[in-house]
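Protein chains in written order, with the working numbering: chain A, 596 to 1018; chain B, 47 to 414.
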């Protein structure tokens, strides 16, 4: 009897390993079979504008009666049903492209007939796997290639374009709204290397009448969606009509999250959302406060508006240290009066900020070991000795930042308190 | 330690299967693919002090990485992972090196020693990456399921009567802490700077420990078979890099155990000698299989040989008089740093490129 124990244990363990492999293989084959019911399939990648583009495409496909299932992974991860309803993606573990298996399952269960997915991978190997193995999209879309995810995609926009070109593997057509001639040439070459055709669009090429029909959306996104619609045989009028009714990214409409007045000073809190690269942050800041950017706090501009005292709160993710360095190099002393740093890469960022002209006392850490209150946050801001009646607090946050989430929660709690009047 | 070798291998193989299933179902990671199995073996063996040490060194590593490494330097994810293992190993090695001046060398089986040094670093990385709640829950689930499957074998008295866990390696127990420290530093340098594969952090150490041609031949055959089967699976199924690693580990470990069992039945000495290393052969074959599928085979061969050479050089230096020993070991670390230099330079370049990109977006010229 004892002589049989070892072979029995060994055989059962080896059998279990074999079953595991076979079950996974079967699951993969079922997934591939399920994809056949979802056509067209569109995969969207790039640095900026992925989520908005997916939402627009979803709206267009809906209007064209293609019963689309959508998935975005931007500021929030959620799925868009063919009815237009949104469902949050519940994650039990790490972010993984394996989640897309469940997305396809849910799409089929909901009776969807087409699929539009934001590529959640940034690593070129995973982008290729997502396209080749998991989505197998006929049409892919690269919104643009900017200096973000440097750790995974490369240190220059051209290198990032090469990385994004992996989405062309197995696709027929790739649409891109990249403008930079050098980056675009690299991207086209990369896409061509996979045997896919490349369609280039530009928001500026849209007629004014077309732009006027979708004023809230980025023209590049509109142009890219119109190009995809044309490829799918959907009329531009239908597409433009649908784009106006599409869902929007949280914070995409009004970045001002709260105003708190203490004494004669009003603190305006602004969250730029999932702004991940300085170029996009520049655009967002300009849109937010175009007034006399480089004047002293309180000074009047030609329009008569006063320039607020600006405090930047930069939330750094431990796994995106190069992004943190980018932001530190981006922040100018003449534009911001104080900087609060949270999270990783504190010392390297502080060093760069000092080189940018910030004094030691103007760059401080913001540590939150546990939940904070709006009052405590304002007290922390007042310790920075702001001047003037208006303080603009600009959060450059990311969904992954614990401190950013705590600050947002604190402000949300304050808003929900019925006994406090919203200033 | 009276745990049977075969039962330890069974627990390890079950645990890596459980870990793979858990990841497929929930995308949760367990502080290293081998961690739940390793912890289960310690649990069955009643090694409470070792378990406590793992918790203590994990906490220490998390604190050092979160409050020092990622705050003071620009380090990308692979560096954070590697530095976590280096911190846990080096801090433990330093403590062990000091303590044994009074206590003498630790009497622990090889797998316990290697795992004790490296495991806290890997758990710490997942705690940082995935979060405390998710990681501890994943470890607890994998550990509980593994224990639930293995316990009946023990409780019903079906425990096989093979050799019990023992330590018969070639490295002097006095210098184990040095060997494992060099192995970990060398692995980090070879991986980051030369993109070489080294069979995990302790694969080369195992090669030094065994140092028998017949044993190594068996292991090479197992690795080749494991890699072959894994590459067949990779061609058919959709596997992310992590899943590919986990499948390679499962297939490699199953191949190794099967080969060792049949090798012993056929009376091959090299297979019998592997009993001295308990779960280490399963672990190393799994890791090498994963390396072979991921990268070109020469990268594995060169990586393992280079790491082995550095370990052997450091251990050989300890046979010299004190001044020579210190100088020899220091020289080994200088060589490791020289190997790592291009990766460190690359990290600084990346930081500079990020700074240039940020300044360009602000409309500022690059800093001189």
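For every residue, glycine included, the Cβ atom is placed at its ideal position computed from N, Cα and C.
How many Å lie between residue i and residue j at the Cα?
| i | j | result |
| --- | --- | --- |
| residue 982(A) | residue 965(A) | 29 Å |
| residue 937(A) | residue 907(A) | 11 Å |
| residue 951(A) | residue 116(B) | 22 Å |
| residue 259(B) | residue 316(B) | 8 Å |
| residue 808(A) | residue 839(A) | 7 Å |
| residue 738(A) | residue 645(A) | 7 Å |
| residue 860(A) | residue 676(A) | 45 Å |
| residue 956(A) | residue 990(A) | 19 Å |
| residue 601(A) | residue 274(B) | 25 Å |
| residue 897(A) | residue 397(B) | Interpretation of residue 897(A) is limited by its pLDDT of 49, a score under 50 that renders its predicted location unreliable; no figure is taken from the coordinates. |
| residue 724(A) | residue 766(A) | 13 Å |
| residue 705(A) | residue 76(B) | 33 Å |
| residue 66(B) | residue 795(A) | 42 Å |
| residue 282(B) | residue 862(A) | 58 Å |
| residue 135(B) | residue 371(B) | 21 Å |
| residue 175(B) | residue 833(A) | 44 Å |
| residue 943(A) | residue 245(B) | 34 Å |
| residue 298(B) | residue 249(B) | 14 Å |
DSSP three-state label for residue i, please.
| i | result |
| --- | --- |
| residue 715(A) | coil |
| residue 672(A) | strand |
| residue 887(A) | In this predicted model, residue 887(A) has a pLDDT of only 42, less than 50, meaning its place in the structure is not dependable; the value taken from the coordinates is given anyway. Coil. |
| residue 325(B) | coil |
| residue 1017(A) | Any reading at residue 1017(A) must be qualified, since the residue scores a pLDDT of 43, below 50, and its modelled position is unreliable; no value is offered. |
| residue 985(A) | strand |
| residue 391(B) | helix |
| residue 965(A) | coil |
| residue 861(A) | strand |
| residue 933(A) | strand |
| residue 242(B) | coil |
| residue 926(A) | coil |
| residue 400(B) | helix |
| residue 739(A) | coil |
| residue 801(A) | coil |
| residue 951(A) | coil |
| residue 649(A) | helix |
| residue 691(A) | coil |
| residue 958(A) | strand |
| residue 661(A) | coil |
| residue 853(A) | strand |
| residue 627(A) | helix |
| residue 121(B) | coil |
May I ask which residues mark the beginning and end of the alpha helix (DSSP H) holding residue i?
| i | result |
| --- | --- |
| residue 292(B) | 287-311 |
| residue 62(B) | 51-72 |
| residue 82(B) | 81-91 |
| residue 638(A) | Segment 636-640 is the beta strand (DSSP E) holding residue 638(A); no alpha helix (DSSP H) there. |
| residue 343(B) | 343-363 |
| residue 216(B) | No alpha helix (DSSP H) contains residue 216(B), which DSSP labels as neither H nor E. |
| residue 19(B) | Since the first and last residues shown for chain B are 47 and 414, residue 19(B) lies out of range. |
Which stretch, first to last residue, makes up the beta strand (DSSP E) that contains residue i?
| i | result |
| --- | --- |
| residue 911(A) | 904-911 |
| residue 835(A) | Taken as a continuous stretch (DSSP letters only), residue 835(A) belongs to no beta strand (DSSP E), being part of the alpha helix (DSSP H) at 831-838. |
| residue 698(A) | Premise fails: residue 698(A) lies in the alpha helix (DSSP H), 694-704, not in any beta strand (DSSP E). |
| residue 1008(A) | Here residue 1008(A) belongs to no beta strand (DSSP E); instead the alpha helix (DSSP H) covers 997-1011. |
| residue 255(B) | Per DSSP, residue 255(B) belongs to no beta strand (DSSP E); it is in the alpha helix (DSSP H), 249-256. |
| residue 683(A) | 681-683 |
| residue 814(A) | No beta strand (DSSP E) holds residue 814(A); the alpha helix (DSSP H) holding it covers 814-826. |
Residue i CB to nearest chain E CB: under 8 Å?
| i | result |
| --- | --- |
| residue 192(B) | Annotation note: the requested chain E is absent from the structure, which comprises protein chains A and B. |
Against chain A: residues of the stretch 63-88 of chain B by CB proximity under 7 Å: Taking 7 Å as the cut-off between beta carbons, the residues of the stretch 63-88 of chain B near chain A are 63, 66, 67, 70, 72, 73, 74, 75, in sequence order.
Chain-ordered residues of the stretch 685-706 of chain A with a beta carbon less than 9 Å from chain B: If the cut-off is 9 Å between Cβ atoms, the stretch 685-706 of chain A has 686, 687, 688, 689, 690, 691, 692, 693, 694, 696 near chain B.
Got a sec: which bits of the stretch 906-924 of chain A sit with their beta carbon under 7 Å from any beta carbon on chain B, in order along the chain? Going along the stretch 906-924 of chain A in chain order, one finds 913, 914, 916, 917, 920, 921, 922, 923, 924 with a Cβ nearer than 7 Å to chain B.
Listed from N- to C-terminal order along the chain, which residues in the stretch 724-750 of chain A have their beta-carbon within a distance smaller than 7 Å of any beta-carbon of chain B? If you check each beta-carbon in the stretch 724-750 of chain A against every beta-carbon of chain B, the ones closer than 7 Å belong to 724, 728, 729, 742, 745, 746, 750.
For the stretch 287-302 of chain B, which residues have a beta carbon sitting closer than 9 Å to at least one beta carbon of chain A? Taking 9 Å as the Cβ-Cβ cut-off against chain A, the residues of the stretch 287-302 of chain B that qualify are 287, 288, 289, 293, 296, 297, 299, 300, 301.
Quick one: which residues of the stretch 169-182 of chain B get their C-beta closer than 8 Å to a C-beta of chain A? List them in chain order. Answer set for the stretch 169-182 of chain B: 174, 175, 176, 180.
Compile a chain-ordered list of the residues in the stretch 308-337 of chain B whose CB is closer than 8 Å to at least one CB of chain A. Cβ contacts with chain A: none found.
Output, in sequence order along the chain, the residues in the stretch 98-129 of chain B whose CB is closer than 8 Å to any CB in chain A. Cβ contacts with chain A come from 112, 116, 117, 118, 119, 120, 121, 122, 123, 126.
Kindly provide the ranges of any beta strand (DSSP E) runs that are 3 or more residues long and lie completely inside the stretch 744-791 of chain A, ordered along the chain. Fully enclosed beta strand (DSSP E) runs of no fewer than 3 residues occupy 768-771 of the stretch 744-791 of chain A, in order along the chain.
Output, in sequence order along the chain, the residues in the stretch 767-791 of chain A whose CB is closer than 8 Å to any CB in chain B. Taking 8 Å as the cut-off between beta carbons, none of the residues of the stretch 767-791 of chain A comes near chain B.
Return the residues of the stretch 393-410 of chain B that lie within a Cβ-Cβ distance of less than 7 Å from chain A, sorted by chain order. Residues passing the 7 Å Cβ filter: 396, 397, 399, 400, 401, 403, 404, 405, 407, 408.
Between the stretch 49-61 of chain B and chain A, which residues of the former have CB atoms less than 7 Å from a CB of the latter, in chain order? Here the close residues are 52, 56, 59, 60.
Near-chain A residues of the stretch 343-356 of chain B (beta-carbon distance less than 7 Å), N- to C-terminal order: Against chain A - using a Cβ distance shorter than 7 Å - the stretch 343-356 of chain B contributes no residues.
Contact residues within the stretch 853-879 of chain A, judged by C-beta distance below 7 Å to chain B: Taking 7 Å as the Cβ-Cβ cut-off against chain B, the residues of the stretch 853-879 of chain A that qualify are 873, 874, 877.
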